[in-house]
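>
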Amino acid sequence: MHEIEVLLASPATLALLIANIGLSVVAFGNANIVDRLLFDINRMRKSKEWYRGVTSGFIHGDPFHLFMNMLALYFMGPFVEYVAGTVGFLVIYFAALIGGSLWTYMEHFRDSNYRALGASGAVSGVTTAAAVFAPFAQIYLFFAIPMPLGLFAICYIGYSAWASRANVRDGIGHAAHLGGALMGIAIVCIFWPQYPQRALDQFMATLPTSL
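Residue numbering for the sequence shown follows the working numbering, beginning at 13 and increasing consecutively.
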């Protein structure tokens with residue numbers, strides 16, 4: 013019941029959950045919708061269909077892909093919206109979505125066959141923003157392994173950077189993850205600089221004092 017109340021108090025998060033789920037479910041059964049909305053390097057380059065950098069973030073490849081992204085948004089979104097406010101949260105979300113698309117475009121510019129879809133870039137940005145707001149908040153990786161949110165964000169960015177650079181082909185948009193994650197941090201540093209400073213102070217306080 014408490015989780016429902018928190019979600020209802022987070023209008024932007026709720027609206028994005030509904031939009032992602034609704035559009036994705038419709039697109040699951042309609043290849044034409046997917047074709048018109050997904051991230052398509054060839055069409056973006058030749059036809060200047062830049063809108064795909066945003067619309068691709070509202071459709072998903074399959075129910076599991078949708079579930080994982082929406083699960084992360086469900087857990088992280090309300091907290092970020094509470095700290096940043098509804099408008100601030102939307103700025104973080106869409107900046108991360110666009111940042112992920114831009115990074116993907118630069119990374120795969122020469123691959124005219126590259127296509128992608130999903131809210132991973134936006135959700136990555138929301139997650140890293142949450143990590144800057146509360147780096148020592150405890151999360152449970154795979155619902156079992158306790159880990160500070162800040163440490164998770166560092167590992168996530170590190171792996172995404174490596175996988176993107178190594179051009180790992182595992183069906184995951186590592187470039188979008190990396191671009192979105194970095195954009196989430198950048199937006200927080202620009203508009204809420206007190207939080208990264210506080211996070212740094214908290215980290216320094218955990219270091220052993222030299223004798």
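For every residue, glycine included, the Cβ atom is placed at its ideal position computed from N, Cα and C.
Just to check my reading of the structure: A188 and W115 have Cβ atoms closer than 8 Å, yes? What is that Cβ distance to the nearest angstrom?
7 Å
> Under three-state DSSP, which class holds I71?
coil
> Express the C-alpha separation of E17 and A173 in angstroms, rounding to a whole number.
Rounded to the nearest whole angstrom, the CA to CA distance from A173 to E17 is 37 Å.
> Within a Cβ cutoff of 7 Å, which residues of the same chain sit near L29, ignoring the five residues on either side of it in sequence?
M82, L85, Y86
> Are the beta-carbon atoms belonging to G162 and A143 less than 7 Å from one another?
yes
> Name, in chain order, the residues that DSSP records as bridge partners for D213.
DSSP lists no partner for D213.
> Measuring CA to CA, which of Q214, M118, I110, G69 is closest to G34?
It is G69.
> Buried or exposed for A217, please, with buried defined as at least 16 other CB atoms from any protein chain shown within 10 angstroms of its CB.
Label assigned to A217: exposed.
> Say whether the region 95-115 touches the region 196-212, bearing in mind that this needs 3 or more beta-carbon pairs closer than 8 Å, one atom from each stretch.
Because the criterion of three Cβ pairs below 8 Å is met, the region 95-115 and the region 196-212 touch.
> Taking the beta carbon of L153 as the centre, do at least 16 other beta carbons fall within 10 Å, making it buried, or is it exposed?
exposed
> Which stretch, first to last residue, makes up the beta strand (DSSP E) that contains P158?
157-160
> Can you name, in chain order, every residue of its own chain whose Cβ lies under 6 Å from the Cβ of A39, other than the five neighbours on each side?
Excluding residues within five positions, the ones whose Cβ falls inside 6 Å are I45, V46, I71.
> Please state whether DSSP places S222 in a helix, a strand or coil.
Reliability fails at S222, whose pLDDT of 43 lies under 50, so the model's placement of it is uncertain and the value that follows must be treated cautiously. Reduced to three states, the DSSP call for S222 is coil.
> In the DSSP assignment, find the alpha helix (DSSP H) that holds L26 and state where it starts and stops.
23-40
> Out of R177, A165, T139, point me to the one whose CA is closest to P90's CA.
T139
> Report all residues from its chain with a CB closer than 6 Å to the CB of L26; omit the five preceding and five following residues, and keep chain order.
L19
> Between L50 and R122, is the Cβ-Cβ spacing less than 7 Å?
no
> Since A211 and P147 should fall inside the 8 Å C-beta cutoff, what is the C-beta to C-beta distance between them, to a whole number of angstroms?
5 Å
> Measuring only the C-alpha atoms, how far is G73 from C167?
25 Å
> According to DSSP, I151 sits in a beta bridge with which residue or residues?
M159
> Determine the direct distance from the alpha carbon of G65 to that of V92, and round the result to whole angstroms.
23 Å
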